[in-house]
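A.B. asks: Questions regarding the structure given below will be posed in turn.
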Ligand SMILES: NC(=O)c1ccc[n+]([C@@H]2O[C@H](COP(=O)([O-])OP(=O)(O)OC[C@H]3O[C@@H](n4cnc5c(N)ncnc54)[C@H](OP(=O)(O)O)[C@@H]3O)[C@@H](O)[C@H]2O)c1
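In the working numbering, the protein residues as written are 2 to 249.
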């Protein structure tokens with residue numbers, strides 16, 4: 002069966018690493034991005050140079066109409082989706098909860114929670130056996146923040162990942178009989194641009210001594226766990242979590 006994968010937020014970071022590793026494993030990949038078209042094109046180019054197949058597609062996953070258009074494009078250009086990685090996620094400047102306004106909290110929840118729910122919905126509609134689909138596999142990119150809470154930095158972000166963990170458990174049980182597995186990875190301190198968007202590009206250097214393995218992780222180390230959960234090697238694994246966090 003043709004393996005068709007959507008990775009949301011794949012123009013850089015963990016999403017880009019996942020898209021490239023998946024293409025090397027034989028998936029036809031849709032590289033979704035929100036703003037950085039040039040970087041999404043570079044990911045697609047790198048995949049094609051390595052002999053893989055990929056397209057790129059702009060969509061803000063927090064917007065229902067854009068998610069519907071994204072999935073329609075995949076239907077038309079790649080065929081029926083069999084795998085989804087809900088990776089797109091944001092955080093905002095570090096601050097205590099008492100300083101946060103409603104607009105910021107809503108933006109974080111809109112991308113990290115609503116976006117992941119909408120993409121999961123569209124994927125299940127196509128994968129479910131009762132709807133004539135082939136089954137499939139969904140991996141949510143959560144965070145160790147869901148367990149640690151990110152005090153003094155971004156409790157809103159941490160709570161959004163807690164919601165994603167709960168969705169992973171509930172949806173896994175809801176669609177298991179449809180041939181769909183739903184799992185999550187919880188990365189720890191991973192070397193991407195995300196820390197700069199929180200206002201502290203050097204965050205990993207400050208915190209790495211608190212990690213048992215004494216370093217930050219790479220996007221590819223997270224991608225490898227995602228690829229395993231997507232694959233048939235994980236055929237009896239659903240509603241589960243892999244912490245990719247150096248032991249923290
Ligand atoms: N880095 C870490 O230490 C760490 C730790 C735990 C969990 N995570 C999680 O891992 C995931 C990826 O993080 P990262 O570190 O790779 O982040 P990143 O380098 O900041 O990249 C974020 C990606 O998400 C895309 N994106 C953001 N908002 C979007 C939206 N509304 N719709 C579609 N795409 C959107 C961005 O696209 P554009 O650039 O095109 O806008 C970009 O491709 C996130 O869910 C994050 O919470 C990261």
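Glycine included, every Cβ here is placed at the ideal spot set by N, Cα and C.
How should residue 188 be labelled, buried or exposed, when 16 other C-beta atoms within 10 angstroms of its C-beta is the threshold for buried?
C.D. replies: So residue 188 ends up on the buried side.
A.B. asks: Of the residues 55, 44, 15, 68, which one's Cα is nearest the Cα of residue 5?
C.D. replies: Comparing Cα positions, the closest option is 55.
A.B. asks: Looking at residue 34 and ligand 1, is the gap between the Cβ and the nearest heavy atom below 7 Å?
C.D. replies: Answer for residue 34: yes, Cβ within range of ligand 1.
A.B. asks: Please confirm whether any heavy atom of ligand 1 lies closer than 7 Å to the CB of residue 190.
C.D. replies: Yes, Cβ of residue 190 sits closer than 7 Å to a heavy atom of ligand 1.
A.B. asks: Between residue 30 and residue 215, what straight-line distance do the alpha-carbon atoms span, to the nearest angstrom?
C.D. replies: In a straight line, the C-alpha of residue 30 is about 34 Å away from that of residue 215.
A.B. asks: So is the beta-carbon of residue 14 under 7 Å away from any non-hydrogen atom of ligand 1?
C.D. replies: Within the cutoff, so yes.
A.B. asks: Starting from the C-beta of residue 244, find all residues in its chain whose C-beta is less than 6 Å away, skip the five residues before and the five after it, and write them out in chain order.
C.D. replies: Cβ neighbours of residue 244 beyond the five flanking positions: 187.
A.B. asks: Any chance the CB of residue 61 is under 7 Å from a heavy atom of ligand 1?
C.D. replies: Yes, ligand 1 has a heavy atom inside 7 Å of this Cβ.
A.B. asks: Looking at the unbroken beta strand (DSSP E) that takes in residue 137, where does it start and where does it end?
C.D. replies: Unbroken beta strand (DSSP E) run through residue 137: 137-142.
A.B. asks: Near residue 162, what residues of its chain come up, given a Cβ to Cβ distance below 6 Å and the 5 sequence neighbours on each side ignored?
C.D. replies: Here the set comprises 143, 144, 146, 147.
A.B. asks: How about residue 231 and residue 84: are their beta carbons less than 8 Å apart?
C.D. replies: Going by C-beta atoms, residue 231 is nearer than 8 Å to residue 84.
A.B. asks: For residue 247, which residues from the same chain have a beta carbon less than 8 Å from its beta carbon, with the 5 sequence-adjacent residues on both sides left out?
C.D. replies: Within the same chain, residue 247 has close Cβ partners 189, 190, 212, 213, 214, 215, 216, 217, 218.
A.B. asks: Helix, strand or coil, according to DSSP, for residue 62 in the structure here?
C.D. replies: Residue state, collapsed to three classes: coil.
A.B. asks: Which class does residue 218 belong to by DSSP, given the choice of helix, strand or coil?
C.D. replies: Strand, per DSSP.
A.B. asks: Spell out the partners DSSP gives residue 188 in its beta bridges.
C.D. replies: The partner list for residue 188 (beta bridge, DSSP) reads 245.
A.B. asks: Can you look up residue 113 in the DSSP assignment and give me helix, strand or coil?
C.D. replies: Note: residue 113 maps to helix in three-state DSSP.
A.B. asks: Once you ignore the five residues that flank residue 20 on each side, which residues in its own chain have a CB closer than 6 Å to its CB?
C.D. replies: Closer than 6 Å at the Cβ level, and outside the excluded window around residue 20, lie 8, 11, 30, 32, 44.
A.B. asks: Using the Cβ count rule (16 or more neighbours within 10 Å means buried), how would you classify residue 27?
C.D. replies: Residue 27 comes out exposed.
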